[in-house]
(Lines of atoms letter the chains of each structure in order from A and count residues from 1; the text may use other names and numbers.)
(Lines give C-alpha, C1' and ligand atoms only; values in the text may rest on other atoms or scores of the structure.)
Protein backbone atom coordinates (compact mmCIF):
# COMPACT_ATOMS: atom_id res chain seq x y z
CA UNK A 1 0.00 0.00 0.00
CA UNK A 2 1.02 3.54 -0.56
CA UNK A 3 -0.31 6.96 0.19
CA UNK A 4 -0.01 9.75 2.67
CA UNK A 5 0.46 8.60 6.27
CA UNK A 6 -2.81 10.20 7.35
CA UNK A 7 -4.71 8.42 4.59
CA UNK A 8 -3.20 5.05 5.53
CA UNK A 9 -4.03 5.55 9.21
CA UNK A 10 -7.63 6.34 8.27
CA UNK A 11 -7.89 3.48 5.75
CA UNK A 12 -6.68 0.91 8.29
CA UNK A 13 -8.64 2.38 11.19
CA UNK A 14 -5.55 2.75 13.36
CA UNK A 15 -4.17 5.53 15.56
CA UNK A 16 -0.71 5.86 13.99
CA UNK A 17 1.64 4.45 11.36
CA UNK A 18 3.17 1.98 13.80
CA UNK A 19 -0.23 0.34 14.26
CA UNK A 20 -0.80 0.34 10.48
CA UNK A 21 2.54 -1.41 9.95
CA UNK A 22 1.81 -4.01 12.63
CA UNK A 23 -1.66 -4.62 11.17
CA UNK A 24 -0.16 -5.30 7.74
CA UNK A 25 2.79 -7.33 9.05
CA UNK A 26 0.63 -9.54 11.25
CA UNK A 27 -2.09 -9.94 8.66
CA UNK A 28 -4.78 -8.89 11.11
CA UNK A 29 -7.65 -6.44 11.07
CA UNK A 30 -8.28 -4.36 7.99
CA UNK A 31 -4.74 -5.06 6.78
CA UNK A 32 -5.59 -8.69 6.11
CA UNK A 33 -8.90 -7.84 4.44
CA UNK A 34 -7.35 -5.16 2.22
CA UNK A 35 -4.44 -7.40 1.26
CA UNK A 36 -6.78 -10.28 0.41
CA UNK A 37 -8.92 -7.99 -1.72
CA UNK A 38 -5.85 -6.63 -3.51
CA UNK A 39 -6.72 -3.09 -2.44
CA UNK A 40 -4.78 -0.31 -4.09
CA UNK A 41 -4.03 3.13 -2.74
CA UNK A 42 -6.59 5.73 -3.64
CA UNK A 43 -5.37 8.91 -5.34
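In this note's numbering, the protein residues as written are 397 to 439.
All residues carry an ideal CB built from backbone N, CA and C; glycine is no exception.
query                                                                                          : result
Segment limits, alpha helix (DSSP H) that includes residue 403                                 : 401-408
Boundaries of the alpha helix (DSSP H) in which residue 422 is found, first to last residue    : 413-422
Same chain, Cβ closer than 6 Å to residue 425, neighbours up to 5 away in sequence not counted : 419
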